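Below: the structure, in structure tokens.
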Amino acid sequence: MDEGNFEAHKQYVDIQIVIDGSEDVAWAELSDLHEEIAYNPEKDALYLSGATTHSMNIGKDMFYIAFPHDAHRPVRHIGEPQSFKKIVL
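Residue numbers 58 to 146, in my numbering, belong to the letters of the sequence shown in order.
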């Protein structure tokens, strides 16, 4: 499975609400990761690589908040790919 990059934000929190289906989300400490794509202030996004320290399945009608000190990797599926819909604020 392609793990992809973690993302982090410096200015805003990232609120993601799953409205249909489910997705697996990974978290890691910023200090444990390596910068892959430099911080873009226009998009408030930094992309990093490294090992997952925590993961959780977010199901329908659940949400999570990623704070500026959190690196998160959304849109992961363990096993078979799944379809889902979500709102990102």
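All C-beta atoms in this analysis are idealised placements derived from N, C-alpha and C, irrespective of residue type, glycine included. For clarity, every value in this text was computed on a predicted model and none was experimentally measured.
Put simply, the backbone Cα of Q68 is about 31 Å away from that of Q139. Within the same chain, and ignoring the five residues on either side of Y104 in sequence, the residues whose Cβ sits closer than 6 Å to its Cβ are N62, E64, E93 and I94. Of the residues F141, K143, A128 and D77, the one whose Cα lies closest to the Cα of A108 is A128. Here DSSP, grouped into helix, strand and coil, assigns D118 to coil. Setting aside the 5 residues that flank it on each side, A85 is surrounded in the same chain by F63, G107, A108, T109, T110 and A128, each with a C-beta closer than 7 Å to its C-beta; the list follows chain order. DSSP places F124 in no beta strand (DSSP E); its state is neither H nor E. By the beta-carbon neighbour count (other beta carbons within 10 angstroms, threshold 16), P98 is exposed.
When rounded, the separation of the alpha-carbon atoms in D101 and M113 is 24 Å.
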